[in-house]
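5 is the number of the first residue of the sequence shown in my numbering; add one for each residue after it.
In this text, a Cβ means the ideal position worked out from N, Cα and C, and glycines have one as well.
From a predicted model like this one, the values you see are computed outputs, not experimental measurements.
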Amino acid sequence: GMNRLGRLSLVVPVVGALFAVSAAPGSPVSADAGDTGASRRAAAATLSVGGSHACYVANGSVYCWGSNSQGQIGHNPFDAGDPITRSAIPLLVPGLTNVTAVSTGADHTCVLKSDTTVHCFGRSGMWVGNNSSGATYTPNLVLTGAVSVTAGGNHSGAVTTNGSVRCWGNGSKGELGPGGNGTSTPV
Numbered sequence: 005g006m007n008r009l010g011r012l013s014l015v016v017p018v019v020g021a022l023f024a025v026s027a028a029p030g031s032p033v034s035a036d037a038g039d040t041g042a043s044r045r046a047a048a049a050t051l052s053v054g055g056s057h058a059c060y061v062a063n064g065s066v067y068c069w070g071s072n073s074q075g076q077i078g079h080n081p082f083d084a085g086d087p088i089t090r091s092a093i094p095l096l097v098p099g100l101t102n103v104t105a106v107s108t109g110a111d112h113t114c115v116l117k118s119d120t121t122v123h124c125f126g127r128s129g130m131w132v133g134n135n136s137s138g139a140t141y142t143p144n145l146v147l148t149g150a151v152s153v154t155a156g157g158n159h160s161g162a163v164t165t166n167g168s169v170r171c172w173g174n175g176s177k178g179e180l181g182p183g184g185n186g187t188s189t190p191v
């Protein structure tokens with residue numbers, strides 16, 4: 005009763021202060037002066053931090069940075085002409101438009117597009133919807149009919165338009181629910 009209300013009254017001003025700070029882009033602080041990426045970050049719709057990389061969505065496109073050793077930031081780490089094994093600045097993931105959400109796993113990334121499709125890329129395996137080895141640096145279509153997506157360590161999942169949960173990847177510890185030990189097809 006009374007104790008719960010007391011705690012709640014302390015939380016509300018803090019949450020309000022956080023929104024006030026984050027919602028006021030205003031003029032950049034001196035550390036951001038001349039930062040050409042500031043407008044892209046200000047427009048970021050979603051942000052996800054994975055095991056060794058991070059990605060965000062801005063204006064329907066996906067930008068990622070960090071390790072790309074397995075193609076998890078959407079570029080070919082084995083390209084003889086321009087091998088990108090890591091990046092300290094956000095890079096546009098080629099070939100993705102109309103993205104509404106992104107989720108990063110250990111060494112892979114999954115995105116949700118406005119057409120309800122889920123695409124994954126990075127370290128190849130069941131978690132990106134295939135069973136090949138190496139890197140899948142081109143987004144792989146895994147599922148249609150999704151409203152959200154999430155990527156875990158070595159598994160991924162989505163909620164579908166009918167409210168069901170579909171998971172794929174390594175299920176050796178029960179991560180996929182009743183779907184089994186591992187699958188590249190959503191169960």
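Spatial distance of residue i from residue j (CA atoms)
i: P98; j: S176; result: 33 angstroms
i: T164; j: S71; result: 30 angstroms
i: N134; j: A110; result: 16 angstroms
i: F82; j: G157; result: 23 angstroms
i: N63; j: I93; result: 18 angstroms
i: D119; j: D86; result: 32 angstroms
i: L95; j: G167; result: 33 angstroms
i: S91; j: H123; result: 22 angstroms
i: C171; j: F125; result: 16 angstroms
i: G178; j: G186; result: 9 angstroms
i: L55; j: T121; result: Just to set this straight, residue 55 is Gly in the shown sequence, not Leu. Taking the straight line joining both Cα atoms gives about 24 angstroms.
i: V169; j: L180; result: 10 angstroms
Beta-carbon separation (whole angstroms), residue i vs residue j, contact threshold 8 angstroms
i: V106; j: V61; result: 5 angstroms
i: K117; j: T108; result: That pair is no contact at about 16 angstroms.
For residue i, the nearest candidate out of the options (CA to CA)
i: A150; options: P143, T140 and G161; result: G161
i: V53; options: N166, N158, T113 and Q74; result: T113
i: Y141; options: D119, N63 and C68; result: C68
i: C59; options: V115, H159 and Q74; result: V115
i: T50; options: S56, H57 and V66; result: V66
i: M130; options: N174, R170 and T89; result: N174
i: T148; options: G181, T189, S136 and G178; result: T189
i: G78; options: G181, T121, P143 and A155; result: P143
With a floor of 3 residues, list each beta strand (DSSP E) that falls wholly inside the stretch 143 to 168, ordered by position along the chain. 150 to 155 and 159 to 164
Which ranges would you report for the beta strand (DSSP E) in the stretch 98 to 143 if only whole runs of at least 3 residues count? 103 to 108, 112 to 117 and 121 to 127
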